[in-house]
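**Student:** Sequential numbering of the sequence shown, starting at 28, is according to my numbering. For every residue, glycine included, the Cβ atom is placed at its ideal position computed from N, Cα and C.
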Amino acid sequence: MKISMKADYGVRALLDLAERFGDAPVPSHDIAARQHVPGPFLDQLLMTLRRAGLVRSTRGPRGGHVLAHPPEEITLATAIDVLEGQAAQMECFTAPETCEINFGCSIRSSLMRAEAAARRMLEETSLADMVRERAREGVFHGIYHIPVESTR
28 MKISMKADYG VRALLDLAER FGDAPVPSHD IAARQHVPGP FLDQLLMTLR RAGLVRSTRG
88 PRGGHVLAHP PEEITLATAI DVLEGQAAQM ECFTAPETCE INFGCSIRSS LMRAEAAARR
148 MLEETSLADM VRERAREGVF HGIYHIPVES TR
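1) Using the beta-carbon count (16 or more within 10 Å), is H92 buried or exposed?
2) What residue range is occupied by the uninterrupted alpha helix (DSSP H) comprising T85?
3) Is it buried or exposed, R32, if we count other Cβ atoms within 10 angstroms and call 16 or more buried?
4) Among L69, Q71, L94, whose alpha-carbon lies nearest the alpha-carbon of G80?
5) Does DSSP put S136 in a helix, in a strand, or in coil?
6) Helix, strand or coil: which one does DSSP assign to T152?
7) DSSP three-state label for V64, please.
8) Do the region 98 to 107 and the region 29 to 44 meet, that is, are 3 or more Cβ pairs less than 8 Å apart?
9) Apply the 10 Å Cβ neighbour rule to P98 and answer buried if 16 or more other Cβ atoms are within range, or exposed otherwise.
10) With a 10 Å radius around its C-beta and 16 neighbouring C-beta atoms as the bar for buried, classify A162 as buried or exposed.
11) Among residues of its own chain, excluding the 5 on either side of H56, which ones have a beta-carbon nearer than 8 Å to its beta-carbon?
12) Where does G37 sit, in a helix, a strand or coil, going by DSSP?
13) Within a Cβ cutoff of 7 Å, which residues of the same chain sit near R47, ignoring the five residues on either side of it in sequence?
14) I need the straight-line Cα distance from L73 to V82, nearest angstrom please.
15) Assign M157 to buried or exposed, taking buried as 16 or more other Cβ atoms, counted over all protein chains shown, within 10 Å of its Cβ.
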């Protein structure tokens with residue numbers, strides 16, 4: 028499964044907001060700096076996410092962005108669908124008549140099962156799951172934490 032840069036950056040922005048869920052609105056320039064996303068591109072992505080109802084935005088000196096729903100309620104599948112649409116990875120998934128060897132094609136059925144399994148994983152993974160995984164891996168808020176061993 029190939030994920031576009033648009034979806035990658037958009038999911039990074041959502042994760043940044045998920046890590047700060049319940050806090051004050053987060054300015055887009057803070058998200059851009061932490062997630063290494065170009066500011067103007069991030070602004071476009073945040074507008075897309077806002078229009079889809081995943082993000083709320085507030086203007087003004089204390090303005091910024093927050094998730095419109097708890098991180099547990101936003102799945103990776105929803106985020107990717109909003110950012111790049113539901114797109115099949117191979118033309119034969121959506122238009123099997125275009126395949127020259129459609130009848131008896133062993134590749135198509137195997138790839139369709141793999142695509143369905145990947146889709147299920149995306150639908151079962153929430154932003155909250157990803158934040159927890161990120162914390163378990165020791166990466167949080169853009170900082171890598173090195174465990175300190177006792178020397179005593």
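**Tutor:** This is what the structure gives:
1) Position 65 of the sequence shown, counted from the first residue, corresponds to residue 92. Residue burial annotation: H92 is buried, with at least 16 other C-beta atoms found within 10 angstroms of its C-beta.
2) Position 58 of the sequence shown, counting from 1, holds the residue named residue 85. Careful: T85 lies outside any alpha helix (DSSP H), inside the beta strand (DSSP E) at 82 to 85.
3) On the sequence shown, position 5 is the one that residue 32 refers to. Correcting the residue identity first, residue 32 is Met in this sequence and not Arg. Exposed.
4) Position 53 of the sequence shown, counted from the start, is the residue given in the question as residue 80. Out of L69, Q71, L94, L94 has the C-alpha closest to the C-alpha of G80.
5) For the purposes of this step, residue 136 is identified with residue 109 of the sequence shown, where counting begins at 1. Three-state DSSP puts S136 in a helix.
6) Position 125 of the sequence shown, counting from 1, holds the residue named residue 152. Residue state, collapsed to three classes: coil.
7) By one-based count along the sequence shown, residue 64 stands at place 37. The answer is coil: DSSP assigns V64 none of H, G, I, E or B.
8) Because the criterion of three Cβ pairs below 8 Å is met, the region 98 to 107 and the region 29 to 44 touch.
9) Counting from one through the sequence shown, the residue named residue 98 turns up at place 71. Under this definition P98 is a buried residue.
10) Looking up residue 162 in the sequence shown gives position 135. Only exposed fits A162, as fewer than 16 other CB atoms lie within 10 angstroms of its CB.
11) As a first step, residue 56 must be located in the sequence shown, where it is residue number 29. Cβ within range, chain order: G66.
12) Mapped onto the sequence shown, residue 37 falls at position 10. Of the three classes helix, strand and coil, the one that applies to G37 here is helix, per DSSP.
13) Residue numbering aside, residue 47 sits at position 20 when the sequence shown is read from its first letter. Taking C-beta separations shorter than 7 Å and ignoring five residues to either side along the sequence, the partners of R47 in its chain run V53, following chain order.
14) On the sequence shown, residue 73 is found 46 positions in, with the first residue counted as 1. On the sequence shown, residue 82 is found 55 positions in, with the first residue counted as 1. Straight-line Cα distance between these residues: approximately 7 Å.
15) If you number the sequence shown from 1, residue 157 lands on position 130. Per the 10 Å Cβ criterion, buried.
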